[in-house]
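Q:
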Amino acid sequence: MLSSSSQLRSTSCTHSRSSSKPRRGMLLVTAAVKAKSARQVACSKTLVSKPEHTEEVQQLCQQAMEFSQKQMGNRSSGIQEFTCSADGWESNVFHFWERYDSNVSLGKHNTTPEMEQFMNKVSSRGWPSCSTAFQHLS
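Going by numbering that gives the first Met the number 0, the letters in the sequence shown line up with residues 0 to 137, in that order.
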């Protein structure tokens, strides 16, 4: 989670994982829920970097988070929340939590030059796909 200084940090949980957990190579969409009457959109993303690019990807994630949080100050951006945290177990895994007013706001944010540049840079430094789950909130 974020500190007041908006620093990317590692998260931890109180439960333990079994020693037989699968190794990550590619992540697939694990859940998607759509409700037509909802007014907000929540998006959870998991980015897995190649181990040799972990530090660089962490810096890119920090920059994307700082840009997005500045955009939150502009109410017309439609961004309600944007956080990124490093995984507590795997240092090359980063989790994003995003909440928007609408699908249009999500699309506008993801197509800004800054976010397109972020996606282009991390796509060459990460695994071929990432996990994304969308949920419409009322």
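Cβ atoms here follow ideal geometry from the backbone N, Cα and C, with glycine treated the same way. None of the values given here were measured: they were computed from a predicted structure.
Is the separation between the beta-carbon of Phe117 and that of Ser43 shorter than 9 Å?
A: No, they are not a contact pair.
Q: Find out if the Cβ-Cβ distance for the pair Phe93, Val40 is shorter than 9 Å.
A: Not in contact: Phe93 and Val40 (Cβ atoms no closer than 9 Å).
Q: Since Leu46 sits in a beta bridge, which residues does DSSP pair it with?
A: Bridge partners of Leu46: Phe93.
Q: To the nearest angstrom, how far is the alpha carbon of Lys107 from that of Lys69?
A: Whole-angstrom Cα-Cα distance: 15 Å.
Q: Name the DSSP bridge partner or partners of Val56?
A: The partner list for Val56 (beta bridge, DSSP) is empty, contrary to what the question assumes.
Q: Could you name the residues that DSSP lists as bridge partners for Glu80?
A: Note: Glu80 sits in a beta bridge opposite Arg98.
Q: So, helix, strand or coil for Ser104, using DSSP?
A: DSSP places Ser104 in helix when its eight states are reduced to three.
Q: Starting from Ser122, follow the alpha helix (DSSP H) in both directions and report where the run begins and ends.
A: It spans Pro112 to Ser122 - the alpha helix (DSSP H) in which Ser122 sits, taken as one unbroken run.
Q: Thinking Met64 and Cys83 are a contact (beta carbons under 8 Å), I'd like their distance in whole angstroms, please.
A: Correct: roughly 5 Å between the Cβ atoms.
Q: Taking the alpha-carbon positions, what's the Arg74 to Thr111 distance?
A: Each residue's alpha carbon lies about 16 Å from the other.
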